[in-house]
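In the UniProt record's numbering, the protein residues as written are 1 to 442.
Okay, here's the thing in structure tokens:
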């Protein structure tokens, strides 16, 4: 068996992974895009070899943003994922296509990797995994998608080959429950020889989720009590659970951007596993209708929380609120999770009160500066596991070998050390981008 992280291994980036020559089959996992400064995206390298199957683990843009392009390049490939993941992928792809089309119409030099016909063609080939149960994609093969707690519809993939090789592929994983989903658990009915798993926060011990949510709620209440707005830039999918944390605590909360669509998708989708938590949207959780509505919220001055995209401050409705809130001493920008280097959110966290956040105006091409007078606070409401949690999980699963991917160099080495402390004889590999791992034991 050969394994290559074409992208999104070490270091982090657009997730795209390929297993070759596994008993005559080539299997890919995810195909996302990397978000760059200014809202541009970068497509990962796509193999020109035949790919029999592509398993989609979840619906984040860095895991699904390149699927339509991959499908166009590989008409032979089957696609598998849960219903919610399929709907999230379709949402993300149409949004990306719309952004690209708008930039091209404005005369900007942007490469269009796919069009609307490519998205529709992909969706016809995307088969839904409806339950976390075993099924056979080919004679003698067994595959199972099972929940891994990251976001709604996310899954790790168990594979058993005709010659009884067993593996589990789990990228983004979370063991802590969120309002709409439960955390991942160990399945004792399957013992993989090889485990693939993320190392995003392999070098960190994250705060207790429940305690961090309580601190988050308390902080937002303080901001509202002094008459300010609490702006929470979030990713389109994870933002729903963050907004529900506040709304369930009685805080008036608005959701905007792609988070509105995500909320609708979660609301209409039937549970695919017992890990999906039943919920209702509380009355104090309200969608923002349009730009006029955004300005009315700010002009009205009634303190509230606003959870909106884009989570890294690169584009989207967040910029309808940000200039006002940055200049307001009573308000706060609350960053709830990961920020990629060189993004607006990454920059904001490193600036101090009185300094200026810079942003390139897409229409004029000039950089604009926004003075920071509001509070800026970081929280860890992450859908990822900490290094300690992953190392403990690996100890319970006890595979013969494992591959760490979706990690920085630092987090990879830290996680490897923690795993070896728990399981001294285990083989631990790093999935360095573009480097082929050949497993002769298999």
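Note that the Cβ used here is the ideal one computed from N, Cα and C, for glycine as well.
Keep in mind the model is a prediction, meaning the values are calculated, not measured.
Alpha carbon of residue i to alpha carbon of residue j, nearest angstrom
i           : j           : result
residue 442 : residue 253 : Any reading at residue 442 is ruled out, since the residue's pLDDT is 42, under 50, leaving its predicted position unreliable.
residue 228 : residue 304 : 8 Å
residue 68  : residue 245 : 33 Å
residue 357 : residue 230 : 18 Å
residue 430 : residue 9   : 8 Å
residue 313 : residue 186 : 36 Å
residue 396 : residue 328 : 49 Å
residue 344 : residue 141 : 45 Å
residue 165 : residue 158 : 11 Å
residue 348 : residue 331 : 15 Å
residue 130 : residue 272 : 6 Å
residue 266 : residue 211 : 25 Å
residue 342 : residue 200 : 17 Å
residue 436 : residue 15  : 16 Å
residue 360 : residue 371 : 15 Å
residue 146 : residue 156 : 6 Å
residue 137 : residue 350 : 49 Å
residue 249 : residue 364 : 42 Å
residue 194 : residue 80  : 21 Å
residue 434 : residue 41  : 19 Å
residue 362 : residue 421 : 50 Å
residue 448 : residue 114 : With the chain covering 1 to 442 only, the question about residue 448 has no answer from this structure.
residue 288 : residue 260 : 8 Å
Cβ separation of residue i and residue j, assumed to be a contact under 8 Å, to the nearest whole Å
i           : j           : result
residue 317 : residue 256 : 5 Å
residue 44  : residue 31  : 7 Å
residue 59  : residue 237 : 6 Å
residue 22  : residue 47  : About 14 Å; that fails the 8 Å criterion.
residue 192 : residue 168 : 4 Å
residue 83  : residue 27  : Contact flag wrong, Cβ pair sits at about 21 Å.
residue 202 : residue 411 : 4 Å
residue 149 : residue 181 : 6 Å
residue 399 : residue 279 : Contact doesn't hold; Cβ gap of about 34 Å is too wide.
residue 62  : residue 25  : Between residue 25 and residue 62 the Cβ distance is about 25 Å, and since that is not below 8 Å, they are no contact.
residue 54  : residue 70  : 7 Å
residue 310 : residue 233 : 7 Å
residue 415 : residue 5   : The pair is not a contact, with the Cβ atoms about 15 Å apart (cut-off 8 Å).
residue 334 : residue 374 : With a Cβ gap of about 10 Å, residue 334 and residue 374 do not count as contacting.
residue 172 : residue 383 : 7 Å
residue 419 : residue 426 : 6 Å
residue 336 : residue 242 : 5 Å
As assigned by DSSP and simplified to three states, the class of residue i
i           : result
residue 85  : helix
residue 219 : helix
residue 394 : helix
residue 105 : helix
residue 402 : strand
residue 315 : coil
residue 154 : coil
residue 36  : coil
residue 100 : helix
residue 147 : strand
residue 204 : coil
residue 408 : coil
Beta-bridge partners of residue i, as assigned by DSSP
i           : result
residue 123 : BP columns for residue 123 are empty, so no partner.
residue 19  : 3, 27
residue 332 : 230, 375
residue 10  : 432
residue 305 : 230, 253
residue 111 : Beta-bridge pairing links residue 111 to no other residue.
residue 129 : 82
residue 160 : 142, 166
residue 42  : 34
### Runs of beta strand (DSSP E) lying entirely within the stretch 174-201, each at least 3 residues, in chain order
The stretch 174-201 contains these whole beta strand (DSSP E) runs: 194-198.
### Continuous alpha helix (DSSP H) assignments of at least 4 residues falling wholly in the stretch 226-302
Those alpha helix (DSSP H) runs which fall completely within the stretch 226-302 and span 4+ residues are 239-247, 258-268, 291-300.
### Query
Enumerated in chain order, which unbroken segments of the beta strand (DSSP E) with a length of 3 residues or greater are wholly contained in the stretch 410-441?
DSSP runs (the beta strand (DSSP E)) wholly in the stretch 410-441: 427-430, 436-438.
### Task
Run through the stretch 335-384 for me and flag every whole beta strand (DSSP E) of 3 or more residues, listed as ranges in chain order.
Qualifying beta strand (DSSP E) stretches, in chain order: 356-360, 367-371, 375-378.
#### Entry: Any beta strand (DSSP E) of 3 or more consecutive residues that is wholly inside the stretch 44-95
Listed in chain order, the complete beta strand (DSSP E) runs (minimum 3 residues) inside the stretch 44-95 are 53-55, 78-82.
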